[in-house]
Amino acid sequence: MNFVELIRFAAGAIVAHPLRSGLTSLGVVIGVAAVVMMTSIGLGAQQRVTSTIAGLGSNLIIVQPGAARAGGGFVMGGAGTGMSLTEKDAEAIARDVEGAVAVAPVVRGQAQLAAEGANWNTRIEGVTPDYLIARDLTLASGRMFDEREARQGRKVLVIGQTIARELWGEQDPVGRRVRVRSVPFEVIGVLASKGQSSFGQDQDDVVLGPLQAVRSRVVGRRLRGDVVQTIYVKAENESELTRVQEDVSNVIREQHRIRPGDEDDFSTQNMASILEASQAAVSTFTILLAAVAAVSLVVGGVGIMNIMLVAVTERTREIGLRMAVGAKRSDVLIQFGLESVALSLAGGIIGLAIGVLGALLMARVGDWPAAVPTWAGPLALGFSMLVGVAFGAYPSWRAARLDPIDALRRE
Amino acid sequence: MIQVRDLTKIYTMGDERVAALDGVSLDIARGEHIAVVGPSGSGKSTLMNILGGLDRPDSGTYLFEGEDVSAFDDDELARFRNQRIGFCFQSFQLLPRLTALQNVELPLIYGGWPPAERRARTAEMLERVGLGARMTHRPNQMSGGQQQRVAIARALANNPDLLLADEPTGALDTQTTHDVLNLFEELNREGLTLIVVTHEKEVADRAKRRISFRDGKVVADERTLTPA
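Protein sequences appear in the order of chains A and B. Take 1056 as the starting number for the first sequence in our numbering and just add one per residue. Take 2 as the starting number for the second sequence in our numbering and just add one per residue.
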C-alpha cells in the first residue's frame, strides 16, 4: 500500500467536510497561537530586562545605604532610609579594593532647568568623572568635566539628549548657559542616547554635574556633610565581580566600624546577580503563560479526538468495504491517523501564522517588546503533530480493529 | 479450486450457542456458477464470509488452490481478499463521496497498482459493465442497476479468481435484475467462478449448480439444467 494514496484518502475525507474540519482544527489553531504569542511576550520581556540591566553598566556593583531586604531583587532605597554612605567610603573603596576600575559616588535630585525661555524639569545627578566609566556612558559631543573641576565645584553640566532637544531643539547646546534652580551652569557635553528603559523611563532625560556643585546648589538641603545616595563600583572583569563585591563590603564595614556579626547598614548588589534573578523571574513567568496556553492545545486535541471518533462511527461501512477490497488493518490505522495529524498540523500552521502576526502586532501597536523565538515554528508544528498522533491514536485504533463483517452490516 | 472440509462456525448469543455452520464440506471447481439458497439464518452468509476471507471458521479447513486460508493471519486475509476475491453486496457498498472511477479504483490502490495502469484498468472495467459514459458520476447520481454495475466493475477490477455475490439483485427491479444476471452469465462464460447467495428463484435458476442450506448444514447439492 502506497503512503501517498493513504495521504490522498485522508485529505479527501478532510476536504469532504470543510466546515467540520475547520472547526475541528480551530482548537489547535487557538492553542498554538496562544503558545506562540505567550512565548513571544516572554522572550520580549526577557530581552528588554536584559538590555535594561546591561544598559546600567557591565561588571557593575551598586552600593546603597540601608540593609538589604529579605527576598533579594532590587533594593528600594527610598529617601531618608539611610544616610550611611559617604564620599569617604567611596575614597576608601578606590584606595583599598583591588580590581575596582571605577568608583562613582552619586547624589540625586530633581531640578527645574531654564534656558532662554525654555523650561524643563529633570533628574540631576552629582557625580565624579568615573561615573561615565562605571555606567558605560559615552559622549555625543563636548567633554566630561575632570577631577579638578569636580573638586573645585565648577558649575558645569553634561546633559542627556532629551534635555538638549527640549531646551535648544536642533542647536548645539555645548557652551550654552542654563539655570538650575536659578544658579547658572555651563553646558560642556552631551551624552550619547541610551533610549528608554524597560520600565518606560527615558534614560536620556538626565543631567550630570560635579558632585560638590550639585550637592551645594541643588540637593544640599536634603543631604548633610559628604553623604551620597549610591556608590557605583566597576569591577575589572566579570570573574572578579564577586570578589570585588565582597571586598567593597568589607571596606565599608571597616569604615562604618560594624562589628563582626552585626548587620550591614548598606547593601551591595552586582549586575550579574540582578540580571540572573530577573531573567529567572521572567522565564518562570513565561513558562507559566505557555503552560496555560498549552492547556488550550490539549483541549484542541480532545476536540480532534471527539470528531475522529464520530468519523469512525459514521464511516464504519466505508471501513468495512475498504477491508473487503483488500485494506490491511494497518492501512486503515494509518489512513485515520493521517487524517487526525493533518487536521492538527493544519491547525498548527494556521495557529503559528496567527501567533506570529499577533506578536508582531503587539510589538508595533501595543509597544510591548514581543520577540518570536526562533524555535517557535518547529515547536508549534512538532507539538501540533504530536497532538494529532496522540489524540488520533485511539480513534484510528478503533477503526482498524473493526470486524469487516459487522462493519459492512452497520447502517 | 476450493476444498472445504468440516467447516464449523458457532455464534454465542446470550446463553444460547448457535451453529451457523455445522460440518460443511464442499468442492468447487474453477468456472462453476453456483447458487447458494436457504432460509435466513441457515448459514449461507457465514459460508460466504469464510469463503471470501472476511471471517475464519472455528474448525475445519478451507483450501483455496491448495493454500490453507483458515490459517491466514489478518494481513494475509486482506491480501487474499484483494487478489483472489471480488465481492458484490445487496446494498452495493459504494463510497458515496467517490466517483464511479474512484470506487472501482479502490482494490487496485490497495493492490499497489501504479497510477497509469490503474486508471486504464478502471476505465476498461466500467466500459465492460456498460458505464463508460458515467465514469465521473457519484453513486447518488446513478440508478440502482447502475450502482450495482459499478460494484461489479469494482469486484472484477483486480482480476479475481472468485466472485462472491450476496443477494446481488435484492434491491433491484425485474428489468435491472435481468441485466445483472445476464452480465453474470456472460462473465461466467468467460471463465469466472461465481457464487451467488440468493432468495430469488429466478436468480437461483440461472445457476448451473444449486447448494441448499438449512440449520448450518448442506441439505441438497444439485446440478441444474440451464435453459438453453
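Note that beta-carbon positions come from the ideal geometry of N, C-alpha and C, so glycine has one too. Please read these numbers as outputs of a predicted model, since none were measured by experiment.
Query raised in the report: Under 7 Å between C-beta atoms, does B:Phe93 make it to chain A?
Result: no
Query raised in the report: Pick from A:Leu1344, A:Asn1325 and A:Met1417: whose alpha carbon is nearest that of A:Gln1119?
Result: A:Asn1325
Query raised in the report: Quick one: is B:Ile110 near chain A, going by C-beta distance under 7 Å?
Result: yes
Requested in this report: Answer yes or no: the CB of B:Leu157 versus the heavy atoms of the ligand ATP, is any distance below 6 Å?
Outcome: The ligand content of the structure shown is nil, which means the ligand ATP is not present either.
Query raised in the report: Would you say B:Ala79 faces chain A, with C-beta separation under 7 Å as the test?
Result: yes
Query - Buried or exposed (CB count within 10 angstroms, at least 16 for buried), A:Leu1078 - result: exposed
**Report entry** Minimum Cβ-Cβ distance from B:Asn160 to chain A less than 7 Å
**Finding:** no
Query raised in the report: So with Cβ pairs under 7 Å, would you call B:Arg129 a contact of chain A?
Result: no
Query raised in the report: Are at least three pairs of beta-carbons, each pair with one atom in the segment 176–184 of chain B and one in the segment 95–108 of chain B, less than 8 Å apart?
Result: no
Query raised in the report: Does the beta-carbon of A:Lys1249 have 16 or more other beta-carbons within 10 angstroms, so that it is buried, or is it exposed?
Result: buried
Requested in this report: Establish whether the CB of B:Arg135 and some CB of chain A are separated by less than 7 Å.
Outcome: no
Requested in this report: Tell whether a beta-carbon distance below 7 Å holds between B:Leu8 and B:Pro58.
Outcome: yes
Query raised in the report: Is the Cβ-Cβ distance between A:Val1288 and A:Val1303 less than 7 Å?
Result: yes
Report task. Have a look at A:Ala1125 and A:Thr1105 and give me their C-alpha separation to the nearest angstrom. Result -> Confidence at A:Ala1125 is low in this model, with a pLDDT of 44, below 50, so the placement of that residue should be treated as unreliable; the coordinate-derived value is given next. Their Cα atoms are separated by approximately 23 Å.
Report task. If I'm right that B:Met136 touches B:Ala152 with Cβ under 8 Å, what's the distance once you round it to whole angstroms? Result -> Not a contact, Cβ separation roughly 15 Å.
Query - Which of helix, strand or coil DSSP assigns to A:Gly1135 - result: Confidence at A:Gly1135 is low in this model, with a pLDDT of 43, below 50, so its placement is unreliable and the value that follows should be read with caution. If DSSP states are grouped into helix, strand and coil, A:Gly1135 belongs with coil.
Report task. Name, in chain order, the residues that DSSP records as bridge partners for B:Gln4. Result -> B:Asp28 and B:Leu64
Query - Length of the line joining the Cα atoms of A:Gly1264 and A:Pro1228 - result: 15 Å
Query raised in the report: With burial defined as no fewer than 16 other Cβ atoms inside 10 Å of the residue's Cβ, what is the status of B:Tyr63: buried or exposed?
Result: buried
Report task. Give the DSSP-derived three-state secondary structure of B:Arg211 in the structure shown. Result -> strand
Query raised in the report: Should A:Leu1376 be flagged as near chain B, meaning a C-beta pair shorter than 7 Å?
Result: yes
Query raised in the report: Checking contacts by CB at 7 Å: is A:Ala1379 closer than that to chain B?
Result: yes
**Report entry** Rounded C-alpha distance that separates B:Leu201 from A:Leu1398
**Finding:** Strictly speaking, residue 201 of chain B in this sequence is Glu, with Leu absent from that position. B:Glu201 and A:Leu1398: Cα-Cα distance of roughly 47 Å.
Report task. List the endpoints of the continuous beta strand (DSSP E) containing A:Arg1314. Result -> Taken as a continuous stretch (DSSP letters only), A:Arg1314 belongs to no beta strand (DSSP E), as it is neither H nor E.
Query raised in the report: Applying the criterion that 16 or more other CB atoms from any shown protein chain within 10 Å of the CB defines a buried residue, is B:Gly113 buried or exposed?
Result: exposed
Query raised in the report: Hey, does B:Phe65 have any beta-carbon neighbour from chain A nearer than 7 Å?
Result: no
Query raised in the report: Quick one, are the C-beta atoms of B:Glu33 and B:Thr199 less than 7 Å apart?
Result: no
Query raised in the report: By a C-beta neighbour count over all protein chains shown, 10 Å radius and 16 as the cutoff for buried, is A:Asn1305 buried or exposed?
Result: exposed
Requested in this report: Could you list which residues in chain A have their beta carbon closer than 9 Å to that of B:Asn50, in chain order?
Outcome: Pro1459 and Ile1460
Query raised in the report: Does the distance from the C-beta atom of B:Ala156 to that of B:Gly87 stay below 7 Å?
Result: yes
Report task. Drop a sphere of 10 angstroms on the beta-carbon of A:Phe1058, count the other beta-carbons inside from all chains shown, and report buried for 16 or more, exposed for fewer. Result -> exposed
Requested in this report: Starting from A:Leu1289, follow the alpha helix (DSSP H) in both directions and report where the run begins and ends.
Outcome: The displayed chain sequence assigns Lys, not Leu, to residue 1289 of chain A. Unbroken run through A:Lys1289 is the beta strand (DSSP E), Thr1285 to Ala1290; no alpha helix (DSSP H).
Report task. Please state if the CB of A:Gly1402 and the CB of A:Ser1080 are separated by a distance shorter than 7 Å. Result -> yes
Query - Spatial neighbours of A:Thr1145 in its chain, beta-carbon cut-off 6 Å, leaving aside the 5 residues before and after - result: Going by the sequence as given, residue 1145 of chain A is Ala instead of Thr. Hits under 6 Å: Val1158, Pro1160 and Ile1286.
Query raised in the report: In chain order, what residues of the same chain have a beta carbon less than 6 Å from the beta carbon of A:Gly1375, not counting five sequence neighbours either side?
Result: Pro1459, Ala1462 and Leu1463
Report task. Rounded to whole angstroms, what's the CA-CA distance from A:Glu1241 to A:Ala1219? Just pull it up for me. Result -> 13 Å
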